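Written out below as structure tokens is the structure these notes cover.
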């Protein structure tokens, strides 16, 4: 039998996530949000994930049914380590369950931790741009779109138009090519809108935000981009992020956009 030995050392341990530690509750069926957020977050931010049980197709009933598993999913993210922010990563799910309910469910497991979601993040981004009238592009069906439009109208935002692509599976939504999203977005955004909101954490819109902004001459807010921006805002992160639109790039002003 070999001998076991513990050696004394003066190793100085690294701090994990010195810029901030973010928890993400992702959907069990989501193929995109983790990868998207990790690409966008700065290198000194670390993100830790657990998944909430959900089911396709994406209907309001299935979205509401996620509520019963949110506290369990939150509890499984670094339970003995303080997180700086917790994210619930579903836009339509937030509309279905409710912002306040989601925060309550997360706080059952993570009391006192700031909570964000794509809807709250988007509303904060609209306020950042003083946007009152918006166009929305989604991958959803008409039934889900109507609920989403009603929600934003209830928050005092005029939804000039909302256009969906009719998908009911997260896998299909993630499969939409980013360049196809960009082409559709350019056609969808109403000229009278203050900005374009691209809803859904499952679609790969973040990569083409700057391309769309240049084409339409307006700010573009996407679910994942807004989540990163709002999370960093909640922890007073000082830096700027390039390549994902003027929301994250503090040196790039909306008036500098040109159609």
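Residue numbers (the working numbering): 60 to 318.
Where a beta carbon is used, it is the ideal one built from N, C-alpha and C, also for glycine.
In this text the structure is predicted, and so the values were computed from the model without any measurement.
- By the neighbour-count criterion, in which 16 or more other beta carbons inside 10 Å mark a residue as buried, residue 284 falls on the buried side.
- Excluding five sequence positions before and after residue 206, the CB atoms of its chain that fall closer than 8 Å to its own CB belong to 119, 151, 154, 155, given in chain order.
- In the DSSP assignment, residue 134 falls within the alpha helix (DSSP H) that extends over 126 to 134.
- Per DSSP, residue 88 is not a residue of any beta strand (DSSP E), being assigned neither H nor E.
- Checking the DSSP bridge columns, you'll see residue 256 partnered with 195, 280.
- Linking residue 200 to residue 223 through their CA atoms gives a straight-line distance of about 6 Å.
- Distance between residue 124 and residue 62, taken at the CA atoms: about 54 Å.
- In terms of Cβ geometry, residue 195 and residue 258 form a close pair [threshold 7 Å].
- Within the same chain, and ignoring the five residues on either side of residue 175 in sequence, the residues whose Cβ sits closer than 8 Å to its Cβ are 144, 145, 146, 147, 286, 289, 290, 293.
- Bridge partners of residue 119 according to DSSP: none are assigned.
- Assigned with DSSP and collapsed to three states, residue 82 falls in strand.
- For residue 210, the enclosing alpha helix (DSSP H) begins and ends at 201 to 213.
- For residue 165, the three-state secondary structure derived from DSSP is helix.
- With respect to the 7 Å criterion, residue 136 and residue 109 are classified as neighbours on the basis of their beta carbons.
- Annotation: the continuous beta strand (DSSP E) that includes residue 219 extends over 217 to 223.
- It is roughly 13 Å from the alpha-carbon of residue 244 to the alpha-carbon of residue 263.
- Between the alpha carbons of residue 89 and residue 220 lies a distance of about 26 Å.
- Closest by C-alpha distance to residue 80, out of 187, 302, 172, 228, is 172.
- Take residue 252, set aside five residues on each side of it, and the residues of its chain with a beta-carbon closer than 6 Å to its own are 192, 193, 194, 219, in chain order.
- Sorting 74, 104, 94, 72 by C-alpha distance to the C-alpha of residue 295 places 104 at the top.
- Note on geometry: alpha-carbon atoms of residue 183 and residue 139 lie some 30 Å from one another.
- With 16 or more other CB atoms across the displayed protein chains lying within 10 angstroms of its CB, residue 277 is buried.
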